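Visitor:
Numbering (full-length UniProt numbering), first residue to last: 1 to 246.
(1) Can you give me the C-alpha to C-alpha distance between residue 95 and residue 206, rounded to a whole angstrom?
(2) What residue range does the alpha helix (DSSP H) around residue 90 cover?
(3) Closer than 6 Å by C-beta to residue 81: which residues in its own chain qualify, once you throw out the five before and the five after it? Chain order, please.
(4) Anyone know if the C-beta pair for residue 89 and residue 26 falls short of 8 Å?
(5) Using the Cβ count rule (16 or more neighbours within 10 Å means buried), how would you classify residue 129?
(6) Assess, as a yes-or-no matter, whether the region 41-50 is touched by the region 111-131 under the definition of 3 or more beta carbon pairs within less than 8 Å.
(7) Kindly list the residues whose CB is nearer than 7 Å to the CB of residue 23, restricted to its own chain and excluding five residues on each side of it in sequence; keep chain order.
(8) Considering residue 101, what are the terminal residues of the beta strand (DSSP E) in which it resides?
(9) In angstroms with no decimal places, state the Cα-to-Cα distance between residue 39 and residue 54.
(10) Give me the DSSP bridge partner(s) of residue 52.
(11) Taking the alpha-carbon positions, what's the residue 138 to residue 161 distance?
(12) Relative to the alpha-carbon of residue 181, which residue among 118, 119, 168 and 108 has its alpha-carbon at the smallest distance?
(13) Output needed for residue 76: all residues of its chain with C-beta closer than 8 Å, excluding positions within five of it in sequence on either side, in chain order.
(14) Give the secondary structure of residue 160 by DSSP, where H, G and I count as helix, E and B as strand, and everything else as coil.
(15) Considering only C-alpha positions, which residue in the set 170, 164 and 74 is nearest to residue 112?
(16) Tell me, which residues are paired with residue 181 by DSSP?
(17) Where does residue 203 land, buried or exposed, given buried means 16+ other C-beta within 10 angstroms?
(18) So, for residue 157: in the same chain, excluding its five sequence neighbours on each side, which residues have a beta-carbon less than 7 Å away from its beta-carbon?
(19) For residue 58, I'd like the list of residues in its chain whose CB is within less than 7 Å of its CB, leaving aside the five on either flank, ordered along the chain.
(20) From the DSSP output, in three-state form, read off residue 30 for me.
(21) For the alpha helix (DSSP H) containing residue 117, name the first residue and the last one.
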């Protein structure tokens, strides 16, 4: 069937396949300590997976009001190494406009502070009602609470802020937000010995692929358009709009 000396691995290697460039949008959090802890943990986790990471904070001005123009992305994408990830923290309003009606899963941060719960719920609400986006919530317990919270989570008992967020989102928005635990600090322990890498793999699956970085023969690629790798993105945007405005 195959020529002598040919095997599947050799054939795949000849294609020079490599992971595409990706974007992980993070909603800006008003708590600087929480934001810094999350971004550092995400950056470390992505690098542990062998990926280059370009962390960005804020959204550049592109001439007036926010728009869905791809100008804001072009320069950063050019600076991103092959197989790299843009780990981009920006204000809620910016993501709601610039990612509207895509399959993006903006990352929203949550910890035990009451203000964090309010911020997370507001982000989920705005992203859904304004842009038809379903956020992915990352739960970061305080470092000194990590051990006890891990035990509870392992027994299927979610932390109170997580449970409250789910209840409020379901009651007022009709949503069941995904909440994944993310280790707070590698040296001081994560929620589970395998939680760090496992969570990062799942987070990476939700990243938006920068389609210009995908090199496939005979496939037309539109500049700076997105498509999602997430396996749980089963609803089309039109379905979402019909449900929101029914």
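Virtual Cβ for every residue (Gly too), placed ideally from N, Cα, C.
This structure is a prediction, so every number in the text was calculated from the model and none was measured.
Guide: According to the structure shown:
(1) Stepping through the chain shown from its first residue, residue 95 is reached at position 95. Stepping through the chain shown from its first residue, residue 206 is reached at position 206. So the alpha carbons of these two residues sit roughly 15 Å apart.
(2) Here residue 90 refers to the residue found at position 90 when the chain shown is read from its first residue. Counting along the chain, residue 90 falls outside any alpha helix (DSSP H), though it belongs to the beta strand (DSSP E) covering 84-90.
(3) Taking the first residue of the chain shown as position 1, residue 81 is located at position 81. Around residue 81, the same chain offers 52 as residues with beta carbons nearer than 6 Å, after the five sequence neighbours per side are excluded.
(4) Position 89 of the chain shown, counting from 1, holds the residue named residue 89. Position 26 of the chain shown, counting from 1, holds the residue named residue 26. Annotated as proximal: residue 89 and residue 26, with beta-carbon spacing under 8 Å.
(5) The count along the chain shown starts at 1 and reaches residue 129 at position 129. Burial call: exposed.
(6) The region 111-131 vs the region 41-50: no contact.
(7) Here residue 23 is taken as the residue at index 23 of the chain shown, counted from 1. Excluding residues within five positions, the ones whose Cβ falls inside 7 Å are 86, 88, 207, 208 and 210.
(8) In the chain shown, counting from the first residue as 1, residue 101 sits at position 101. Element bounds for residue 101: n/a, residue is neither H nor E.
(9) Locating residue 39 in the chain shown gives position 39, where the first residue counts as 1. Locating residue 54 in the chain shown gives position 54, where the first residue counts as 1. Counting only the Cα atoms, residue 54 lies some 11 Å from residue 39.
(10) Within the chain shown, residue 52 is the residue found at index 52, counting from 1. In DSSP, residue 52 forms a bridge with 84.
(11) Mapped onto the chain shown, residue 138 falls at position 138. Mapped onto the chain shown, residue 161 falls at position 161. Residue 138 and residue 161: Cα-Cα distance of roughly 12 Å.
(12) Here the question's residue 181 lines up with position 181 in the chain shown. Taking residue 181 as reference, the option from 118, 119, 168 and 108 with the minimal CA-CA separation is 108.
(13) Counted from its first residue, the chain shown places residue 76 at position 76. Apart from sequence neighbours up to five positions away, the residues of its chain that approach residue 76 with a beta-carbon distance below 8 Å are 54, 56, 86 and 88, ordered along the chain.
(14) As a working note, residue 160 is residue 160 in the chain shown. Annotated three-state conformation of residue 160 is helix, per DSSP.
(15) Translated into the one-based positions of the chain shown, residue 112 becomes position 112. Closest option to residue 112, Cα to Cα, is 164.
(16) As a working note, residue 181 is residue 181 in the chain shown. For residue 181, which the question treats as bridged, DSSP gives the partners 139.
(17) As a working mapping, residue 203 is identified with position 203 in the chain shown. Counting C-beta atoms within 10 angstroms of its own C-beta, residue 203 has 16 or more neighbours from the protein chains shown and is therefore classed as buried.
(18) Looking up residue 157 in the chain shown gives position 157. Apart from sequence neighbours up to five positions away, no residue of its chain approaches residue 157 with a beta-carbon distance below 7 Å.
(19) Taking the first residue of the chain shown as position 1, residue 58 is located at position 58. These residues qualify, in order along the chain: 90.
(20) For the purposes of this step, residue 30 is identified with residue 30 of the chain shown, where counting begins at 1. Three-state DSSP puts residue 30 in coil, outside helix and strand.
(21) On the chain shown, position 117 is the one that residue 117 refers to. Its alpha helix (DSSP H) spans residues 114-131.
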